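Residue numbers (the numbering used here): 1 to 333.
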């Protein structure tokens with residue numbers, strides 16, 4: 001379960017919500033920041049990117065800036081939707097370059113900040129069932145209550161998740177984790193990052209129940225999923241939707257063969273698999289600015305010899321292609 005470097009850098013994970021990412025280079029993205037009511041109380045922070053014809057301008061994103069058209073009119077009808085889930089300790093903007101790339105390609109992209117597992121509040125970081133529940137709340141909102149919900153095609157919904165967000169999406173498409181496998185895994189490997197979290201916040205059956213597949217999700221991109229070892233073979237075997245699965249070759253947070261590999265082997269439909277040579281865990285986050293690299297090296301400094309900026313050009317292109325192909329996207333703009 002991660003979006004932090006090592007146990008010593010749990011504090012660094014807090015910075016994932018306010019770290020200074022490089023601004024996206026994409027045009028044509030409108031943006032809204034909304035608060036979505038949670039049926040279990042409170043609200044969920046959500047960033048929404050969508051296609052528009054309005055001119056872009058620079059606006060803040062945490063300590064960063066991005067080029068978007070805030071509050072601009074939406075462009076197009078029958079638009080596909082992609083909901084996004086961040087990793088442990090993150091926030092809605094951790095993949096804003098990917099969200100903007102999708103918006104520029106004609107998608108509506110909605111990314112939430114997970115209540116209880118974000119840069120400011122980690123009080124429910126190991127309550128696994130809470131995350132896919134919140135993702136469902138987001139999807140409900142986008143399809144029923146968002147001001148431009150009538151512009152979305154409810155039959156063309158995808159999901160994107162990184163790290164603990166990858167776990168979230170895997171659970172949302174039908175994966176069911178066995179909490180006893182988490183505790184067994186951590187008894188054998190207490191030094192692993194996810195096990196250090198579990199040591200401080202035990203994973204209990206009461207917070208790892210109530211799994212419900214979201215049938216609305218028709219395709220998923222899953223990058224470096226956490227807790228892959230815990231999903232039951234039966235539940236993953238029943239997953240038949242298209243999945244694009246990404247693994248960082250030198251993942252220092254979720255080392256193989258415990259995380260990506262079990263998901264890859266057990267999915268009922270063979271995933272489109274990408275092994276990113278030389279990549280560390282955090283390469284899937286948007287590239288950091290020079291200032292962020294200097295101050296938050298654990299998260300921002302790429303693996304030796306790895307070009308995160310160049311990788312994201314390829315990564316975003318592949319994510320857009322996959323969703324276009326598997327959500328039956330045509331030029332509707």
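Note that beta-carbon positions come from the ideal geometry of N, C-alpha and C, so glycine has one too. Small disclaimer: the values here were computed from a predicted structure and weren't measured.
A direct Cα-Cα distance of roughly 24 Å separates residue 321 from residue 226. Per DSSP, the unbroken alpha helix (DSSP H) holding residue 266 starts and ends at 260-266.
Residue state for residue 36 is assigned as strand, using DSSP reduced to three classes. Selection 236, 53, 276, 40 evaluated against residue 169 yields 236 as nearest (Cα-Cα). Between residue 247 and residue 230, the CB-CB gap reaches or exceeds 9 Å. If you check the CB distance, residue 202 and residue 126 come in under 9 Å. The beta-carbon distance between residue 31 and residue 55, rounded to whole angstroms, is 13 Å. This is too long to meet the 8 Å contact definition. Listed in chain order, the non-local C-beta contacts of residue 118 below 7 Å within the same chain comprise 17, 89, 90, 91, local neighbours out to five positions each way being set aside.
For residue 145 and residue 137, the gap between their C-alpha atoms comes out near 11 Å.
By the CB criterion at 9 Å, residue 178 and residue 316 fall outside the cutoff.
A residue is called buried when at least 16 other Cβ atoms come within 10 angstroms of its Cβ; residue 130 meets this threshold and is buried. Closest in C-alpha terms to residue 159, from the list 216, 192, 113, 209, comes 216.
In the three-state scheme derived from DSSP, where H, G and I count as helix and E and B as strand, residue 255 is classed as coil. The beta-carbon separation of residue 175 and residue 239, rounded to 7 Å, stays under the 8 Å limit for a contact. The shortest CA-to-CA distance from residue 281 to any of 308, 294, 264 is the one to 308.
The count of Cβ pairs closer than 8 Å, one atom from the stretch 286-293 and one from the stretch 248-267, stays below three, leaving the stretches out of contact. Taking 4 residues as the shortest admissible run, the stretch 68-114 contains the following complete alpha helix (DSSP H) segments, listed from N- to C-terminal end: 96-104.
When beta bridges are read from the DSSP output, residue 66 appears opposite 59. Going by DSSP, residue 274 is part of the beta strand (DSSP E) stretching over 272-276. Out of 94, 62, 112, the CA that lies nearest to the CA of residue 47 is found in 112. Each of 245, 233, 196 was checked against the Cα of residue 161, and the nearest Cα belongs to 245. Going by DSSP, residue 306 is part of no alpha helix (DSSP H) at all; its letter is neither H nor E. Put simply, the backbone Cα of residue 153 is about 14 Å away from that of residue 141. Residue nearest to residue 328 within the set 115, 219, 167, 273 is 219 (criterion: CA-CA distance). In this structure, DSSP gives residue 197 a helical state, which the three-state scheme calls helix.
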